[in-house]
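Report on the structure given below.
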Amino acid sequence: MGPLIPNGFIPFEWSSIIAIVIGIFFGFILEASGFSSSRKLAGVFYGYDFAVLKVFFTAAITSLIGLFYMDYLGYVDMSSLYVHPTYLWGAIIGGAIMGIGFVTGGFCPGTSLSAVAIGKIDAIVNVLGIMVGIFIFSELYTLFEPLYNGYFQGNVTLVDSLGINKYWFVFILTVVAIIMFAASDMIRKRVKKVFY
Amino acid sequence: MVNRKLVKFLSLRYKILAAVLIVLAGGLVLLPKYEKHEGISPEELLSKTISPERYISTDDIAHKIINQDPSFILIDVRDENSFKEYTLPNAINIPLKKILDNDATMYINQNQFDVVFFSNDNFYSDQAWILCNRLGYKNLHVLKGGINKWFNTIINPQKPTEDMPKDALDLYSTRKASSMYFGVVYPEQVEIKTPEPVKKAVPKKIITVKKKKKAPEGGC
Chain U
551 MGPLIPNGFI
561 PFEWSSIIAI
571 VIGIFFGFIL
581 EASGFSSSRK
591 LAGVFYGYDF
601 AVLKVFFTAA
611 ITSLIGLFYM
621 DYLGYVDMSS
631 LYVHPTYLWG
641 AIIGGAIMGI
651 GFVTGGFCPG
661 TSLSAVAIGK
671 IDAIVNVLGI
681 MVGIFIFSEL
691 YTLFEPLYNG
701 YFQGNVTLVD
711 SLGINKYWFV
721 FILTVVAIIM
731 FAASDMIRKR
741 VKKVFY
Chain Z
14 MVNRKLVKFL
24 SLRYKILAAV
34 LIVLAGGLVL
44 LPKYEKHEGI
54 SPEELLSKTI
64 SPERYISTDD
74 IAHKIINQDP
84 SFILIDVRDE
94 NSFKEYTLPN
104 AINIPLKKIL
114 DNDATMYINQ
124 NQFDVVFFSN
134 DNFYSDQAWI
144 LCNRLGYKNL
154 HVLKGGINKW
164 FNTIINPQKP
174 TEDMPKDALD
184 LYSTRKASSM
194 YFGVVYPEQV
204 EIKTPEPVKK
214 AVPKKIITVK
224 KKKKAPEGGC
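Listed in order, the protein sequences are those of chains U and Z. Quick note on the working numbering: the first sequence kicks off at 551 and runs consecutively. Quick note on the working numbering: the second sequence kicks off at 14 and runs consecutively.
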């Protein structure tokens, strides 16, 4: 039966409205879990707070397991889900730039907006920086275009490119994630407590 | 009062959640696997099979060809020899054997044109239709009756007898007109030039007026 919009259970026109509703809840939960604080977000890089790692990995694994069960039971057709296309070098360089921005600014794009909503000045500066970056990219688009549109790998997933059984992949990823959570907890206990 | 049992249980909450995740992920690995149905669902195939849009009549195709309708492509699924012998105008030859080749999918798997399959009857073209539908291609049709019907209706339409309704006569005249478009020549179309009778030079009759012999007039 699912996904609901491509299969016509929900008209396509509703997708923007649903996106706004989901976005409001997403922002609310980001703020509720303390992700509007740049100190908490940057903690993952300095080793005193691993909430970011735990929250996002748990979300990814939960949705992954849930989707695979729904696919197995026939409620969702995984093959008609949108898979983001991979532009290899664009993703690597863009990811590196985004990582540097994350460490220095203390926000990723989503959390910066959620922090702007509660009036944090550093987040406002961060969002202005994002705007300037977008402006520079748009103005120099012709220069960046070969990188932006090049090295196209198709709409591949890790399962496709590694060529392993998808169910084993989910299991291994879950085990790795839980080991990571335990390890990060151990690291946090040894690091001097930071109050923020 | 603090419920000690609950506190003890809740102190383990992260471990319990981690265990739940591992059990669920492990369940995915252990679940019995079954072959998933590929392509379109049987219900969808059935609804396409009984849809009246599946077949296109020879009259419709003739009308489209004559009006130079650009919205469709004709695909001849017969073998190459039959294709060379006779085919419909602008048809592409993709024998049924080669319908799954990469060259063929280029023509069939697209959303711009209606695809019309035809063969001698609609037997092979129906098979091509089913195959391509199972692959999930869109806008597929079959020429009802195939080339045989094309011959019997468009190229060589049966002349209705006089006791048939007017519709039959109208249909006949339409088909006759389209057959003329496809190059059929009718006897009445050809003007039989009756050779003009050569005028023989008729010798002029010379009417000779014979002078009556004047009888001797007597005078008294």
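C-beta atoms are modelled at their ideal positions from N, C-alpha and C, and glycine is treated no differently. Just so it is clear, the structure is predicted and the values come from calculations on it, not from any experiment.
Item	Value
Limits of the unbroken alpha helix (DSSP H) element including V155 (chain Z)	Per DSSP, V155 (chain Z) belongs to no alpha helix (DSSP H); it is in the beta strand (DSSP E), 153-156.
Exposure of G159 (chain Z), with buried meaning 16 or more beta-carbon neighbours within 10 Å	buried
W564 (chain U), buried or exposed, once every other Cβ within 10 Å from all chains shown has been counted against 16	exposed
Beta-carbon proximity list for I674 (chain U), same chain, < 7 Å, skipping 5 on both sides	V666
For Y137 (chain Z) and L109 (chain Z), believed in contact at Cβ under 8 Å, the rounded distance	5 Å
Neighbour flag for V720 (chain U) against chain Z, beta carbons, 9 Å	yes
CB contact below 9 Å: I714 (chain U) versus chain Z	no
Entirely enclosed beta strand (DSSP E) segments - the stretch 709-739 of chain U, minimum 3 residues	none
Closest by C-alpha distance to E93 (chain Z), when choosing among Z:L182, Z:A104, Z:P83, Z:I86	Z:A104
Assumed close pair A75 (chain Z), V720 (chain U) - CB separation to whole angstroms, cut-off 8 Å	Actually they do not touch by this definition, with Cβ atoms about 57 Å apart.
Residue closest to Y619 (chain U), alpha-carbon to alpha-carbon, out of Z:V198, Z:F130, Z:I63, Z:K46	Z:K46
Short CB-CB distance (under 9 Å) between V42 (chain Z) and chain U	yes
S192 (chain Z) beta carbon less than 9 Å from that of N169 (chain Z)	yes
Chain-ordered chain Z contacts of I611 (chain U) [CB-CB under 7 Å]	L34
Proximity below 9 Å, CB of L694 (chain U) to CB of F685 (chain U)	Checking the sequence shown, residue 694 (chain U) turns out to be Phe, not Leu. Cβ distance not < 9 Å, so F694 (chain U) and F685 (chain U) don't count as in contact.
Under the three-state DSSP convention, the category Q171 (chain Z) falls into	coil
Stretch pair the stretch 54-61 of chain Z + the stretch 73-87 of chain Z: three plus CB contacts closer than 8 Å	no
Whole-angstrom C-beta distance between I680 (chain U) and L662 (chain U), which should lie under 8 Å	Before going further, note that residue 662 (chain U) is Ser rather than Leu in the sequence given. So it is a contact: roughly 7 Å between Cβ atoms.
Segment contact flag, the stretch 80-94 of chain Z with the stretch 111-126 of chain Z, C-beta cutoff 8 Å, min 3 pairs	yes
In chain order, each alpha helix (DSSP H) run of at least 4 residues that lies wholly inside the stretch 649-706 of chain U	659-667, 671-689, 691-699
Same chain, Cβ closer than 8 Å to Y68 (chain Z), neighbours up to 5 away in sequence not counted	N135, H154, V155, L156, K157
Contact belief for S588 (chain U) with G656 (chain U) at Cβ below 8 Å, rounded distance in angstroms	3 Å
Buried or exposed (CB count within 10 angstroms, at least 16 for buried), C233 (chain Z)	Because the pLDDT at C233 (chain Z) is just 49, under 50, the model does not fix this residue reliably, and the value given afterwards should be weighed accordingly. With fewer than 16 other Cβ atoms within 10 Å, it is exposed.
Among U:I728, U:N715, U:A641, the one whose alpha carbon lies nearest that of P696 (chain U)	U:A641
Per DSSP, cross-strand counterpart(s) of L87 (chain Z)	Z:V129
Neighbour flag for L37 (chain Z) against chain A, beta carbons, 9 Å	This model lacks chain A altogether; the protein chains it does include are U and Z.
Beta-bridge pairing of T636 (chain U) - partner residues as DSSP gives them	U:G704
From U:A610, U:D627, U:Y598, U:G660, residue whose alpha carbon lies closest to that of E581 (chain U)	U:G660
Uninterrupted beta strand (DSSP E) stretches inside the stretch 18-47 of chain Z (no shorter than 3 residues)	none
Cβ distance (whole Å) where F607 (chain U) is taken to contact M730 (chain U) below 8 Å	7 Å
Reduced DSSP secondary structure (H/G/I, E/B, other) of V15 (chain Z)	coil
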